[in-house]
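Below you'll find the structure, written out as structure tokens, and then a few comments.
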Amino acid sequence: MRLVTLFVHLFLLLLAQRLPAQSPTDTFPCMPKLRFVVIGSSTAAGAGASQPDSAWVNRYRIFLQALNPANEVINLAMGGYSSYQLLPSSAAVPNYRPHPDPERNITRALSLAPDAILLNLPSNDAASGYSLDEQLANFETIVQHSR
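Residue numbers (the numbering used here): 1 to 147.
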């Protein structure tokens with residue numbers, strides 16, 4: 001729960017820093033252009049959605065672009081991923097654990113200069129038998145790297 005609260009606070013802080021004193025666009029004067037990057041597993045990649053536009057990331061993109069058409073949501077999520085694949089590219093991982101994926105991890109997400117990063121990993125760590133402490137340590141590493 002502390003981690004969720006931390007992510008929410010980080011998001012609000014980043015959003016507040018981006019709000020301009022004057023209008024950035026003619027169409028949506030109070031809304032700056034925002035870039036969000038999603039990293040995670042199959043839920044974020046769209047698995048289970050009846051149609052691609054029904055996946056939560058695509059629905060979120062539609063919502064944000066209704067506020068400002070210039071808003072972006074970049075989805076780096078991949079089905080089957082655990083918190084290990086999302087660690088920084090430079091992270092050392094224990095034996096018999098997946099290595100970070102430099103095309104879909106926090107390092108790649110940060111290289112896209114986002115205003116916020118959304119991390120969505122509901123169950124693959126537990127399904128792979130990784131302990132809660134292991135998963136939380138990986139989340140902490142991801143958060144620390146993003147700072």
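For each residue, glycine too, the CB sits at the ideal point set by N, CA and C.
Would the stretch 37-50 count as touching the stretch 81-100 if we require 3 or more Cβ pairs under 8 angstroms?
With a cut-off of 8 angstroms, the stretch 81-100 and the stretch 37-50 count as touching, because enough Cβ pairs lie within range.
What's the C-alpha gap between N138 and N124?
For the purposes of this step, residue 138 is taken as the residue at position 138 of the sequence shown. For the purposes of this step, residue 124 is taken as the residue at position 124 of the sequence shown. Roughly 13 angstroms separates the two Cα atoms.
Return helix, strand or coil for N120, following the three-state DSSP convention.
Sequence index remark: in the sequence shown, residue 120 carries index 120 (1-based). N120: strand per DSSP, three-state reduction.
Going by DSSP, name the residue or residues bridged to V57.
For the purposes of this step, residue 57 is identified with residue 57 of the sequence shown, where counting begins at 1. Looking at the DSSP assignment, V57 forms no beta bridge with any residue, so it has no partner.
For N138, report the span of its alpha helix (DSSP H) as first-last.
For the purposes of this step, residue 138 is identified with residue 138 of the sequence shown, where counting begins at 1. Element bounds for N138: 132-146.
Name the residue from P94, G48, N95, R35 whose alpha carbon lies nearest to the alpha carbon of N68.
Taking the sequence shown and counting its residues from 1, the one referred to as residue 68 is at position 68. When each option's Cα is compared against that of N68, the closest is R35.
How many whole angstroms separate the CB atoms of S146 and L112, which I take to be in contact at a CB cut-off of 8 angstroms?
Residue 146 sits at position 146 when you count from the first residue of the sequence shown. Residue 112 sits at position 112 when you count from the first residue of the sequence shown. Wrong, their Cβ atoms sit about 12 angstroms apart, outside the cutoff.
Just reading off the alpha helix (DSSP H) that R108 is part of, what are its end residues?
Here residue 108 refers to the residue found at position 108 of the sequence shown. Unbroken alpha helix (DSSP H) run through R108: 106-111.
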